[in-house]
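Chains A and B supply the protein sequences, listed in that same order. Counting from 1, position 17 in the first sequence corresponds to residue 108 in the working numbering; the numbering is continuous, with no gaps. Counting from 1, position 4 in the second sequence corresponds to residue 5 in the working numbering; the numbering is continuous, with no gaps. Ideal Cβ positions, reconstructed from N, Cα and C, are used throughout, including at glycine. Everything below concerns the one structure shown next.
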Amino acid sequence: MEIEFAPHIEDIKRALDNEIEEENIIADLKKLLEYRVPINEAKRSLIKKYGGSEKSAARKLKDIRIGERNIDITGQVIEITEKTVNIKNIEKTLFSGIIGDETSSRSFTAWLDFDLNPGDVISVTQAYVKNWKEQPEVNFGPRSKVTKLNIKIQLPEDFELKKLSELRDGDINVHTQFTILNIEVIYINTKDGSRKILGGIVADEDTKLPITSWVLLPELAAGNTIEVKNTYVRSFRGVPTLNINESSVVTKLEKKLEYMEKEGLRIGDVIIKEGAYDIVVEGNILSIRPGSGLISRCPECSRVIQKNICRMHGKVDEIKDMRIKAIIDDGTGALTLVLDSRLTQKICGITIEEAQKITKTAVSHKAVEDDIKRKLLGRRFAARGNMSKGEFGITLVAVDAWEPPGTIQEQAQQLLGRIAG
Amino acid sequence: MEKIEKIMDREIAWRIFSHEFNMSSLYVNEGDERAPNYIITPTGVKCNRLFIIGVVTEIENIGKDNNLWRVRIADPTGVFTIYAGQYQPEAAIFFSELNVPAYVALVGKARKYEPEDGSIYLSVRPEEINFSDEKQRDMWVLETAERTLERIKIIEDALNSGLTGNELQEFLLQKVTNTALLNGAMLAIQHYKNLDNTLLELRKTITHAIETVSLESGIIKPQPGNKEEPSKLEPKEVLAAIIDELDTGKGISFSRVIEIAQKAGLDAQTVELSLKELMDEGRCYEPKIDLLRKV
C-alpha cells in the first residue's frame, strides 16, 4: 500500500520543500484515500493544508493549453491596456494585453495592477490559462508573482506578408501592406495625461480595417500606401484593429492598392471571423426581436429604460427613440442586424412622432413592433456596417440598409448557364 | 471570473425546395426529447429550421375542438404542408383570415408525422409568417436554386471521390465550413440509395424552377400542364402591389393608382371595389381626399 503511493508522497514532500514529516503526510493521505477522495484532489488539499504551493511548471507560449494551472511564463509585454469590467455588478479594473516569447504570442489578462508597461520582460509564476475566443489566454491572478527581468527576448520573426483579411486579434509581428483611406489625430486620456495618437481606416484590395498609431509619423497620411512590419492586432469594439507603435517599421511604397468591395458576401463566411469592418450583407429578415420599435432611453447614459426609471440615474425624463433588432439570414448563416431610428424610418417609413401616435392610438406597446414586423418580415434586405461578436451574439450594427433591386432575369440566366456548363 | 456563457449560434434557416424536402427519408433526433429533430435531405441538409416564400393554395381547418389549420404552400417544384395549431396562435390567426391564392413568407421547423399505417409525412410548423409578393418569391426561388446547386456539387464530388468513413469526412472538410452541412452530407451519402440519380433529377427540377421565374416578369404565363403554378392574382392584390410600389412614405394620388391599374388590365369599377376591400381590410387608407397610403 505504501509503495503504491510513494511517488505521490514524494511529490507532496517536494512541494512542501521537505519541511513536513513524511509520517504525517502518509497518515493524512491514507485518510483521504479511505474517504475515496481522488488522488489528485487529495494531494492538492494536503499541499494547501501544509501551506505549500503546487510547483508550477515552466511553459513556452506555443505549448500552453486551455485549463492549465500553475505555469511559469517568461516573456515580453508587447501591449497592455487598462480595462474596467463589470462582474456581478462590481466594477473591477484589470489589465489586458499581449505577451510574446521566442515561440509565440498570446493575449493575457492581469487581474491586479502589476505595473506592467509595453517592452517589459517579465517572469510570471502561478499563471493559469483560460479560454478566450477559443484561444488559450494567459491569466495572472492574486497568486501569481511577477518579476521584471533585465534580459532581452528574441521574439519570433514573422516576415511573411499577410493580407488584411488574415489578421486576427492577438497577432504580433504583423507584416502587411495597405493604402490609407483616411486618418486623423485623436486625443486620448492615459494615466500619464492627454496624448496624441492617430486613428484611421486603411484598405488593401478586398478588406478595410481600422488602424491606430501610437506614434505620429509623417508617412501616415491619407492616400499613402504603406508597408509595416512589427505591428500588432487588437480588437477594438469587436473589430480587429491594426496597431503601430515605437518598435514598428513603417515604409512608404510607390504604388497604390485599389480597394474593391467584395460583393455577394455570404453571412456564413462572415460569421466565422472575429469581426469585420464596413461590409455589406444581404439576406431575408426572419425575425423581429423583442425590444424593437418605439423605445425610451435615459438622457444621461442612453440606456434603454422603462417607466422613466434608469437603473443608474433613477428617475429621469426619458428620450423617445426607435430601433430594430432583427435576424437576417441568407441560408448560409444568420446574424442580428441592428438599425437605429434613422434607418428604421428609412425602411419602414415611420418617424418617431408617427410611432408615438401609433402607440397611442393602438394603446399597445407592441403596435410599432407589429407594424415593423408586417413591413419587414420575410423580405430581402441589404445592410452595411461592422460585424462584431459579443455576449449578445453576432451583431451587425448598420450604417445603411436598403431593399436590393433584385435583378431576377440576370440572375436566372446566370444560374441556368451554370447548370448547363 | 466565470467565463461568459456562449450564446448558442442561431440555427440557419435552410433554403430547400419542397420537392427535395418531401423526398427526404432520414430523420435524426439528437439526445433528449427537447433536442431539435432534424430531417436529412438528399443534398445533405441537416434541417430543423427552414425559410419558404411560396403561394398558399389551400387552407383547411381540420381541428375538431381546437383549431388546427392545414395549409398548402406551393413553390415551383411542389408543395409544402404546413400545420398550425393552438401553439402557433399567430400563424393560426393569419391563416384563418387569409384568402387563397396569396404569396407568403414563412419561417418554420421541419416536422415528421407518422400515422399508424406506416407511412411518413413531412410538414412544417410555423415560427413566423407574413405576406410576401411575387418579386420576393422569385428572389427566394433563385436563392434556393443556388444553395441547392452548391449542395448537389458537394455531394457529387464526394460520390466521385469514392472515399468512405474518415477519409470522406476529411475530404468534405476541405469543402464545407458549416458543421451541420458536413454532418448531414455524411449521413445522406450513407443513407440514400441511387443518390447520383436523385441528384440528377433534382437538377432538372431546379432548372424548371428557375425557368418559371425567368419568364417575362409582370405577366404570369402559366406553363401548360404545370398544376402548381399560381393562378392569376386577385384584382385587389394587384392594386395592393401598385400602391405598395408607388407609395414611398408620402402617399400616392387616387387618379395615379387608377391610371396604372388600368394599364395592368383592371377597369375603373373593379379598381374602386377592390380599393374599398383593401381599406376595409385595413391595408391602405385615405389620410386626405385623393391621397392613398399603404399601411
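- In the DSSP assignment, what are the bridge partners of histidine 266 of chain A? A:Leu252, per the DSSP bridge assignment.
- Sub-7 Å separation of asparagine 208 of chain A and isoleucine 271 of chain A beta-carbons: Cβ atoms of asparagine 208 of chain A and isoleucine 271 of chain A: not closer than 7 Å.
- Boundaries of the beta strand (DSSP E) in which proline 301 of chain A is found, first to last residue: 299-304 is the span of the beta strand (DSSP E), which, as asked, contains proline 301 of chain A.
- Item | Alpha-carbon to alpha-carbon, threonine 322 of chain A and valine 341 of chain A | Distance between the alpha carbons of valine 341 of chain A and threonine 322 of chain A: 9 Å.
- Task: Could you check how far apart the C-beta atoms of isoleucine 41 of chain B and serine 25 of chain B are, in whole angstroms? I think they sit under 8 Å.
- Result: Indeed, because the Cβ distance is near 6 Å, the residues count as touching under 8 Å.
- Provide the residue span of the beta strand (DSSP E) that contains threonine 486 of chain A, from first to last. Threonine 486 of chain A -> beta strand (DSSP E) spans 484-493.
- Message: Give the list of continuous alpha helix (DSSP H) stretches no shorter than 4 residues that lie fully inside the stretch 426-503 of chain A.
- Response: If only complete runs of 4 or more residues are kept, the stretch 426-503 of chain A shows the alpha helix (DSSP H) at 432-439, 443-453 and 458-467, in order along the chain.
- Query: From the DSSP output, which residues share a beta bridge with serine 187 of chain A?
  - Reply: Per the DSSP secondary-structure output, serine 187 of chain A pairs in a beta bridge with A:Thr172 and A:Thr200.
- Report the residue ranges of all alpha helix (DSSP H) runs contained in full by the stretch 204-244 of chain A; include only those spanning at least 4 residues, in chain order. Restricted to the stretch 204-244 of chain A, not a single alpha helix (DSSP H) segment is unbroken, complete and at least 4 residues in length.
- Give the C-beta separation of aspartate 421 of chain A and arginine 357 of chain A to the nearest angstrom, bearing in mind that I take them to be a contact with Cβ-Cβ under 8 Å. At roughly 6 Å, the Cβ-Cβ gap stays under 8 Å, so aspartate 421 of chain A and arginine 357 of chain A are in contact.
- Task: Give the C-beta separation of glutamate 21 of chain B and threonine 208 of chain B to the nearest angstrom, bearing in mind that I take them to be a contact with Cβ-Cβ under 8 Å.
- Result: Their Cβ separation, rounded to whole angstroms, is 14 Å, which puts glutamate 21 of chain B and threonine 208 of chain B out of contact at 8 Å.
- Message: Check for me: the alpha helix (DSSP H) holding phenylalanine 96 of chain B runs from which residue to which?
- Response: Bounds of the alpha helix (DSSP H) holding phenylalanine 96 of chain B are 90-97.
- Based on Cα-Cα distance, which residue from B:Ile153, B:Ala181 and B:Ile63 lies nearest to arginine 50 of chain B? A check of alpha carbon separations from arginine 50 of chain B across B:Ile153, B:Ala181 and B:Ile63 identifies B:Ala181 as the nearest.
- Task: List the residues of chain A whose Cβ lies closer than 7 Å to the Cβ of phenylalanine 96 of chain B, in chain order.
- Result: The contacting residues do not exist; phenylalanine 96 of chain B stays about 15 Å from chain A at best.
- Query: Is the shortest distance between the beta-carbon of leucine 507 of chain A and the beta-carbons of chain B less than 7 Å?
  - Reply: The beta carbon of leucine 507 of chain A falls within 7 Å of a beta carbon belonging to chain B, placing the residue at that interface.
- Message: Is the separation between the beta-carbon of alanine 106 of chain B and that of serine 133 of chain B shorter than 7 Å?
- Response: Yes, Cβ-Cβ distance for alanine 106 of chain B and serine 133 of chain B is below 7 Å.
- Task: Name, please, each residue of chain A whose Cβ falls closer than 8 Å to the Cβ of threonine 178 of chain B.
- Result: Under a criterion of Cβ atoms nearer than 8 Å, the residues of chain A adjacent to threonine 178 of chain B are, in order, Gly359, Asp360 and Ile363.
- Could you check if asparagine 334 of chain A is buried or exposed, using at least 16 other CB atoms within 10 Å of its CB as the buried criterion? Buried, because 16 or more other Cβ atoms sit within 10 Å of the Cβ of asparagine 334 of chain A.
- Are isoleucine 463 of chain A and leucine 426 of chain A close, meaning C-beta to C-beta below 7 Å? No.
- Query: So, are the CB atoms of leucine 428 of chain A and tyrosine 368 of chain A less than 7 Å apart?
  - Reply: Going by C-beta atoms, leucine 428 of chain A is not nearer than 7 Å to tyrosine 368 of chain A.
- Task: Please report the residue range of the alpha helix (DSSP H) in which serine 378 of chain A lies.
- Result: Looking at the DSSP string, serine 378 of chain A is not in any alpha helix (DSSP H); the run it does join, the beta strand (DSSP E), is 366-379.
- Task: Please report the Cβ distance between phenylalanine 81 of chain B and isoleucine 60 of chain B, rounded to the nearest whole angstrom; I am assuming they are in contact, meaning their Cβ atoms lie under 8 Å.
- Result: In fact, because the Cβ distance is near 13 Å, the residues do not count as touching under 8 Å.
- In angstroms, rounded to a whole number, what distance separates the CA positions of tryptophan 202 of chain A and proline 233 of chain A? Tryptophan 202 of chain A and proline 233 of chain A: Cα-Cα distance of roughly 7 Å.
- Anything in chain B within Cβ reach of serine 378 of chain A, meaning under 8 Å, just list it in chain order. Neighbours of serine 378 of chain A across chain B, judged by C-beta separation under 8 Å: Val108, Glu128 and Glu129.
- Considering only the beta carbon of each residue, do proline 227 of chain A and valine 237 of chain A sit closer than 7 Å? No, these two residues do not count as a Cβ contact at 7 Å.
- In chain B, which residues lie less than 7 Å from threonine 303 of chain A when you measure between Cβ atoms? Under the 7 Å cutoff, chain B gives no residues; its nearest Cβ is about 25 Å from threonine 303 of chain A.
- Query: If the cut is a Cβ gap below 9 Å, which residues of chain A does leucine 150 of chain B touch?
  - Reply: Those are Leu506, Arg509 and Ile510, listed as they occur along chain A.
- Task: Write down the C-beta distance between leucine 169 of chain B and methionine 187 of chain B rounded to the nearest angstrom, noting that I regard them as a contact closer than 8 Å.
- Result: Leucine 169 of chain B to methionine 187 of chain B, Cβ: 7 Å. Contact.
- Item | Environment of tyrosine 286 of chain B [buried if 16+ CB atoms lie within 10 Å] | Tyrosine 286 of chain B is exposed by the Cβ-count criterion.
- Task: Spatial neighbours of glutamate 229 of chain B within its chain, please: CB distance less than 6 Å, with the 5 preceding and 5 following residues excluded, ordered by chain position.
- Result: Confidence in glutamate 229 of chain B is poor, its pLDDT being 41 and thus under 50, which makes the residue's placement unreliable; the coordinate value appears in the next sentence. Hits under 6 Å: Ala75.
- Message: Could you compute how far the alpha carbon of proline 247 of chain A sits from the alpha carbon of arginine 197 of chain A?
- Response: Proline 247 of chain A and arginine 197 of chain A: Cα-Cα distance of roughly 12 Å.
- Task: Might you give, ordered along the chain, the residues of its own chain that have their beta carbon closer than 6 Å to the beta carbon of leucine 152 of chain A, omitting 5 neighbours on each side?
- Result: Only Asp192, Thr194, Ser195 and Arg197 meet the Cβ criterion.
- Message: Assuming valine 293 of chain A is part of the beta strand (DSSP E), what are its boundary residues?
- Response: Valine 293 of chain A -> beta strand (DSSP E) spans 284-294.
- Query: What runs of the alpha helix (DSSP H), each 4 residues or longer, lie entirely inside the stretch 339-367 of chain A?
  - Reply: Secondary structure remark: continuous alpha helix (DSSP H) runs of at least 4 residues inside the stretch 339-367 of chain A, in chain order: 358-361.
- Message: Any beta carbon of chain B sitting closer than 7 Å to that of isoleucine 420 of chain A?
- Response: Just to set this straight, residue 420 of chain A is aspartate in the shown sequence, not isoleucine. Chain B, which has a Cβ nearer than 7 Å to the Cβ of aspartate 420 of chain A, makes this yes.
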